[in-house]
Amino acid sequence: MANGQRIVTFLFYLSDVEAGGATVFPRLNLAVPAVKNSAVMFHDLKKSLDFEEDSQHAGCPVLMGSKWIANKWIHAHGNEFRWPCGLTPEE
1 MANGQRIVTF LFYLSDVEAG GATVFPRLNL AVPAVKNSAV MFHDLKKSLD FEEDSQHAGC
61 PVLMGSKWIA NKWIHAHGNE FRWPCGLTPE E
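Heads up, the sequence shown is in the UniProt record's numbering, so the first residue is 1 and it goes up one at a time.
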């Protein structure tokens with residue numbers, strides 16, 4: 001991939017779903033319902049650039065209604081010099 005690995009994902013919900021359609025993060029035991037005008041942000045990589053296992057997610061089937069979403073991915077290339085900055089010198 002020309003842009004490198006994804007480091008951050010934004011998932012925007014563009015519609016309400018009458019039943020089903022949640023985004024689930026199984027490792028976190030978390031289900032995020034699809035609510036119009038809400039969003040989820042999560043890191044795909046750790047600062048070490050290892051895969052963030054907790055970012056594994058899936059979209060549950062929509063049981064009633066329609067689900068419209070938009071994704072924004074932030075990739076590693078072009079962010080190399082911004083990524084190392086942390087709140088403490090160790091980060």
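No residue lacks a Cβ here, since even glycine has one placed at the ideal position from N, Cα and C.
Quick caveat, the model's predicted, so the values are computed rather than measured.
Nearest to Glu-52 (by Cα), restricted to the options His-43, Pro-33, Cys-60: His-43
For residue 92, I'd like the list of residues in its chain whose CB is within less than 6 Å of its CB, leaving aside the five on either flank, ordered along the chain. Residue 92 is absent from the model: the chain starts at 1 and stops at 91.
Contact set for Ala-31: own chain, Cβ-Cβ below 7 Å, skip 5 residues either direction: Ala-22, Val-24
State buried or exposed for Ala-70, treating a residue as buried only when at least 16 other CB atoms are found within 10 Å of its CB. exposed
Selected residue, minimal CA-CA separation from Val-8, among Lys-67, Ala-58, Val-40, Cys-60: Val-40
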